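Numbering (the numbering used here), first residue to last: 111 to 393.
To start, the structure under review is shown below, and the notes come after it.
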Ligand code: ATP
Ligand code: MG
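Written out as structure tokens, the structure reads:
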């Protein structure tokens with residue numbers, strides 16, 4: 111039985127649970143239990159505060175965990191980063207009151223900086239030869255300058271809206287984070303096999319992200335042109351239609367290129383274009 115620690119509530123909870131759903135592992139989340147077993151995979155989910163996840167995995171109490179890379183780095187524990195999961199993206203930055211003039215990291219010499227990430231900050235300060243005082247605060251770090259607790263903050267930023275509404279400006283981006291799958295040191299052979307299966311499924315979900323399935327009717331004479339427009343995994347699928355001189359062409363495209371491809375395909379006579387979602391891609 112593989113035990114996976116995930117955040118019980120908060121920003122990463124929903125997407126962590128959704129990820130299990132996407133890879134076909136059903137996890138009962140409705141009762142908000144502390145521990146919940148999957149009905150169709152030898153896995154149980156342990157719900158915790160995100161601060162505790164790195165340690166619980168490092169100690170082997172859970173085999174795996176889903177947590178922000180920022181928490182892993184801050185706790186400095188010995189865990190393996192198995193996969194970056196592509197959600198929960200944010201950065202940890204230094205911010206100062208917006209009226210202050212800023213001329214580089216030396217600005218922070220002699221200043222008091224409030225943060226919930228003292229270890230990551232300490233490392234940054236040491237690397238840049240800055241002598242500042244760290245004030246550890248566990249919540250609402252952004253109010254520290256206005257409250258007179260600190261001159262600056264070192265905190266998580268995603269859109270920057272919280273900084274602006276607290277009269278602060280971001281001056282140094284120090285650490286980039288996203289949700290990661292972590293594994294502890296004591297995995298059994300059985301655990302490793304289950305982890306490989308999870309990774310295989312995760313990869314197929316990742317590959318399919320941002321991909322669309324395109325099918326259309328195309329004049330037979332345009333097939334060669336269309337193949338140049340649609341480089342599929344191997345090559346697009348072409349099937350004859352009952353109507354003479356027409357075929358059906360299927361392919362997978364990046365969503366980012368979708369409208370460009372559609373315009374090009376219409377220009378060579380494509381009709382009845384259907385765009386479908388892609389759930390999984392197994393290369
Ligand atoms: P817990 O109660 O589990 O300790 P928390 O309040 O410490 O929760 P959340 O605010 O739920 O944590 O954030 C969890 C993680 O989400 C962060 O550690 C970070 O990796 C990520 N994250 C992404 N964007 C943001 C953001 N704008 N603010 C805070 N965290 C973010
Ligand atoms: Mg926390």
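Even glycine gets a Cβ: it sits at the ideal position worked out from N, Cα and C.
Predicted model only: the values in this text are computed from it and were never measured.
>> Could you check whether the Cβ of residue 181 sits closer than 8 Å to any heavy atom belonging to the ligand MG?
In response: yes
Check for me: the beta strand (DSSP E) holding residue 329 runs from which residue to which?
321 to 329
| task | Count the CB pairs spanning the region 288 to 297 and the region 357 to 377 that are closer than 8 Å, and state whether there are at least three. | result | no
For the alpha helix (DSSP H) containing residue 234, name the first residue and the last one. 228 to 237
task: Please work out which residues of its chain come closer than 6 Å, Cβ to Cβ, to residue 159, disregarding the five sequence neighbours upstream and downstream, and give them in chain order.
output: none
Does the distance between the C-beta of residue 161 and the nearest non-hydrogen atom of the ligand MG fall short of 8 Å? yes
Rounded C-beta distance between residue 157 and residue 203? I'm assuming under 8 Å. Residue 157 to residue 203, Cβ: 29 Å. No contact.
Original post:
So, do the region 241 to 261 and the region 221 to 228 have three or more beta carbon pairs nearer to each other than 8 Å?
Top reply: yes
Q. Quick one: Cα of residue 340 to Cα of residue 362, how far?
A. Straight-line Cα distance between these residues: approximately 8 Å.
Q) Would you call the CB atoms of residue 391 and residue 317 closer than 9 Å? A) yes
Where do the N-terminal and C-terminal ends of the beta strand (DSSP E) with residue 243 fall, by residue? 243 to 246
- If you pair each beta-carbon of the region 316 to 330 with each one of the region 208 to 216, do three or more pairs fall below 8 Å? no
- Query: Would DSSP call residue 289 helix, strand or coil?
  - Reply: strand
**Prompt:** Are residue 190 and residue 296 closer than 9 Å when you measure CB to CB?
**Reply:** no
Boundaries of the beta strand (DSSP E) in which residue 387 is found, first to last residue | 381 to 387
| said: Below 8 Å, is the gap between the Cβ of residue 120 and the nearest heavy atom of the ligand MG? | reply: yes
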